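Same order as they appear, the protein sequences are chains V and D.
Just so we're aligned, residue 198 is where the first sequence starts under our numbering, counting upward by one.
Just so we're aligned, residue 655 is where the second sequence starts under our numbering, counting upward by one.
Every residue, glycine too, gets a C-beta built ideally from N, C-alpha and C.
Just so it is clear, the structure is predicted and the values come from calculations on it, not from any experiment.
Have a look at the structure below, then the notes.
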Amino acid sequence: MSFISYLINGISLGSVYAIIALGYTMVYGIAKMLNFAHGDVIMVGGFTVFFAVSMQGLPTAVGILLSVVLCTLLGITIEYIAYRPLRQAASSLAVLITAIGVSYFLQNMALLIFGANTKAFTSVVTLPAIKLAEGQIIISGETIVTIISCIIIMTGLTLFINKTKAGQAMLAVSEDKGAAQLMGINVNGTISLTFAIGSALAAIAGMLLCSAYPSLTPYTGSMPGIKAFVAAVFGGIGSIPGALIGGVILGIIEILSKAYISSQLADAIVFMVLIIVLLVKPTGILGKKIQEKV
Amino acid sequence: MKKFKKGMSLVLVAAMIMLVGCSSSTNTNTSDNSSSNESAEAGTSEAGETSASNGSVFKIGAIGPSTGGAAVYGLAVQNGADLAIKEINAAGGINGTLIEYNFQDDECDNEKSINAYNTLKDWGMQMLVGSTTSGCCIAVAAESANDNLFQITPSGSSVDCINSNDNVYQVCFTDPNQGVGAAQYIGEHAVAQKVAVIYDSSDVYSSGIYEKFVQEAANQPFEIVSAEAFTADNKTDFSVQLQKAKDTGAELVFLPIYYTEASLILTQAAAMDYAPKFFGCDGLDGILNVENFDTALAEGVMLLTPFAADAEDDATKAFVSAYEAAYGDTPNQFAADAYDAVYILKAAIEKSGATPEESVSDLCEKLKGAMAEITVDGLTGEAMSWDADGAVNKAPKAMEIVNGNYSLIQ
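Right under this line is the structure:
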């Protein structure tokens, strides 16, 4: 019975990783850059909902909307100020380092504005927990909402990319920026749109992360952000269904190794599994195999 | 367009410099009526002049994290010491000598704590209140032992802070004392038969208490049925640790950890319908101040802590209202520890008759002599006294959270 409990805990942790990983993988898949500030945009999203709903008493829906709008603007601004001027630079390493810088900038700004005190987040999910087997197995409302959101977002993103003109432009930009520009696609605009969508997803992820683990500090996003990045690589970075699968598998491995091997070695085991997966399948579980044309 | 970008980045750089400037100006909190450096130097160079001591000051430095994840503790220490020094200066100083105060941020980083220590030494520090956290305190204590500079840490509770450094004293309990005290309390008061422990194996404070708790538990009439750890990188999901405690039938969960993680543990335990007794140490102090935290979850939580802001004695009431008026925040245990640390320094200086003209090392020797003799009544304990190691002797107080307030268990 406790195995099933652990499995459910694993899925609920994994679903949180998955929803963060969706944003990571989306930006990587199209802009081909690792946005390490993604975790911190999540934190900003969490704080927005916290202040709007818990402090100002606005309705939850308004708080969520506000958070999505604010994070979208933040994402576009970050891309415009920090990443775009460097995109023409010779080394993609420069953008990576800038992303780390932006991440620290957001953390320290949050520290100045909100302070270091931990804030307890009130869950935005009102769905009651499902209790099975006389209360032995409990599936929380947050888990259910997170998994459903993951599936909706995943389907929505896949449809958007494959069926709309803007989505097709994104695919083209990810294949070859230069050629896309020659075909009349506005590359900068397309990448801005990618960041806007990625950051809107971060706002939703932030709200669900804080609902599941209701403690909010300026560092809330950083560790889940890194784990979600691992989940994205695990599932095959750039692949949208891969992020969901990677996240859930990562969560289950983490919880089961905590439960049956050692609560201290859980992270070590997670990263060991990652190394093994990458040795066997270098592009991740659902990663596309890229053939170099000669 | 290029020009616009350049302008924009300049504006951003300027904004960052201003922000950094703002925070650092609050860090160095020199007291108002301090005299300048030059007059002190002039005083010592003209040996034999009696007016020399009137122109000099005691220079007390303090170190703690006023930014970063542990900023709650550092800011409390910064303000607590500041309040005590302002009070002492307003009352005419120590034996007529005023105190000059300088606080440096270490961001809870060992390396930066040593930098802060060196900055303070260049400034002319004679005594140190700090470092605030155990890890930093151990690093700084090695340096201050070399310089033989008198150091009193408000809250560095690891034994390694004072071991092998006879110039370092503590205001708070050592970790082993807390672990032993907790085990004895649970045993003697028969709080529970089956106990589970959840601790942070990546933290000296938490694992220090845990080790001593387990040792002492062997002599006590209760059984440890599960002991699970977590690490700094994996401290949001406690479902496994709680599930194991629940499966083994633990009636009490001992939490020798800080309140941030404890608040998550309480929330997650409630979500899985598990309601054991929770018992913690001074790290749990502050759990009621977590903004927007549902304090009903903390109802019945017991903790061993030396200070509670809503205690009814006059000293605590006066301290809390003065602190709230000056800094707009309710003081926690760390503020009280730092406040006591300054008054302990005052008592030791008065006992030894030390003057600011003496060298740092001579001053340290005199104060060490005085520390063995003095007893101080402070906010964090009655009749505190110190042994030669630098560890404090005082009785622990057990508190229980009742109706959203800490209340002393008699």
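Quiz item: Buried or exposed: where does P985 (chain D) fall if 16 or more other Cβ atoms within 10 Å of its Cβ makes it buried?
Solution: buried
Exercise. Please list the residues of the segment 329 to 342 of chain V that have a C-beta atom closer than 7 Å to any C-beta atom in chain D, keeping them in chain order.
Key: G332, I335 and S337
Practice problem: With DSSP collapsed to three states, give me the class of D759 (chain D). | Solution: strand
Quiz item: For V841 (chain D), which residues from the same chain have a beta carbon less than 7 Å from its beta carbon, with the 5 sequence-adjacent residues on both sides left out?
Solution: Before going on, a small fix: residue 841 (chain D) reads as Gly here, not Val. Once the five neighbours on either side are set aside, the close Cβ partners of G841 (chain D) are Q874, P875 and F876.
Exercise. Would you tell me roughly how many angstroms separate the C-alpha atoms of D948 (chain D) and L405 (chain V), rounded to the nearest one?
Key: 19 Å
Practice problem: Check the Cβ-Cβ distances between T636 (chain D) and every residue of chain V, and say whether any is below 7 Å. | Solution: Here chain D comprises residues numbered 655 to 1064, so residue 636 (chain D) is not present and cannot be evaluated.
Quiz item: CA-CA distance, S688 (chain D) and C815 (chain D)?
Solution: Since pLDDT at S688 (chain D) reaches only 40, below the 50 mark, its modelled position is unreliable, and the value read off the structure follows with that caveat. Their backbone Cα atoms lie some 31 Å apart in a straight line.
Exercise. Taking 8 Å as the threshold, find out whether the segment 438 to 449 of chain V comes into contact with the segment 209 to 229 of chain V through three or more Cβ pairs.
Key: yes
Quiz prompt | Cutoff 7 Å; reference L263 (chain V); Cβ partners in own chain excluding five residues on either side | solution = T245 and A249
Practice problem: Mind checking who K931 (chain D) pairs with in its DSSP beta bridge? | Solution: D:L906
Self-check item: Reduced DSSP secondary structure (H/G/I, E/B, other) of Y853 (chain D)
Solution: strand
Quiz item: Using the beta-carbon count (16 or more within 10 Å), is A275 (chain V) buried or exposed?
Solution: The amino acid occupying residue 275 (chain V) in the given sequence is Ile; Ala does not appear at that position. By the neighbour-count rule (16 or more Cβ atoms within 10 Å), I275 (chain V) is buried.
Quiz item: Three or more C-beta pairs closer than 8 Å, one from the segment 841 to 859 of chain D and one from the segment 793 to 805 of chain D: is that the case here?
Solution: no
Quiz prompt | CB of I273 (chain V) within 7 Å of CB of A402 (chain V), strictly | solution = no
Quiz item: Taking one C-beta from the segment 947 to 966 of chain D and one from the segment 712 to 724 of chain D each time, how about it: are there three or more such pairs within less than 8 Å?
Solution: no
Quiz item: Since Y993 (chain D) and L1033 (chain D) are thought to touch, with beta carbons under 8 Å apart, how far apart are those beta carbons, to the nearest angstrom?
Solution: 6 Å
Quiz item: Helix, strand or coil: which one does DSSP assign to G702 (chain D)?
Solution: Because G702 (chain D) sits at a pLDDT of 35, beneath the cut-off of 50, its placement in the model cannot be relied upon, and the point is left open.
Self-check item: Any chain V beta carbon closer than 7 Å to N817 (chain D)
Solution: no
Quiz item: In three-state DSSP terms, what is N873 (chain D)?
Solution: coil
Self-check item: With 16 other Cβ atoms within 10 Å as the buried cut-off, status of V259 (chain V)
Solution: exposed
Self-check item: Buried or exposed (CB count within 10 angstroms, at least 16 for buried), I467 (chain V)
Solution: Sequence check: residue 467 (chain V) is Val here, not Ile. Buried, because 16 or more other Cβ atoms sit within 10 Å of the Cβ of V467 (chain V).
Self-check item: Length of the line joining the Cα atoms of A400 (chain V) and G439 (chain V)
Solution: 21 Å
Quiz item: Using a beta-carbon distance below 7 Å, is A925 (chain D) in contact with chain V?
Solution: yes
Quiz item: Checking contacts by CB at 7 Å: is I216 (chain V) closer than that to chain D?
Solution: no
Quiz prompt | Supposed close pair E865 (chain D), Q838 (chain D) - CB separation, criterion 8 Å | solution = That pair is no contact at about 15 Å.
Quiz item: Is the CB-CB distance between V292 (chain V) and Y277 (chain V) below 7 Å?
Solution: no
Self-check item: Close Cβ partners of L267 (chain V) (< 8 Å) along its chain, the five nearest in sequence each way excluded
Solution: V241, G242, T245 and A400
Practice problem: From the DSSP output, in three-state form, read off Y416 (chain V) for me. | Solution: coil
Self-check item: Neighbour-count burial assignment, Q253 (chain V), 16 or more Cβ in a 10 Å radius
Solution: exposed
Quiz item: Are there 16 or more other CB atoms within 10 angstroms of the CB of Y457 (chain V), so buried, or fewer, so exposed?
Solution: exposed
Quiz item: By Cβ distance below 6 Å, which residues in the same chain neighbour A387 (chain V) in space, the five residues on each side in sequence not counted?
Solution: The displayed chain sequence assigns Thr, not Ala, to residue 387 (chain V). Closer than 6 Å at Cβ, skipping near neighbours: A366, M367 and V370.
Quiz prompt | Extent of the continuous alpha helix (DSSP H) run through E741 (chain D) | solution = A725 to A744
Self-check item: Whole-angstrom C-beta distance between N743 (chain D) and L737 (chain D), which should lie under 8 Å
Solution: That pair is no contact at about 11 Å.
Quiz item: So which residues on chain D does S199 (chain V) lean against when the C-beta distance must stay under 7 Å?
Solution: Q897 and D901
Self-check item: Any C-beta of chain V under 7 Å from that of N1059 (chain D)
Solution: no
Practice problem: Decide if the segment 1016 to 1030 of chain D is in contact with the segment 923 to 939 of chain D; the criterion is three or more beta carbon pairs, one per stretch, under 8 Å apart. | Solution: no
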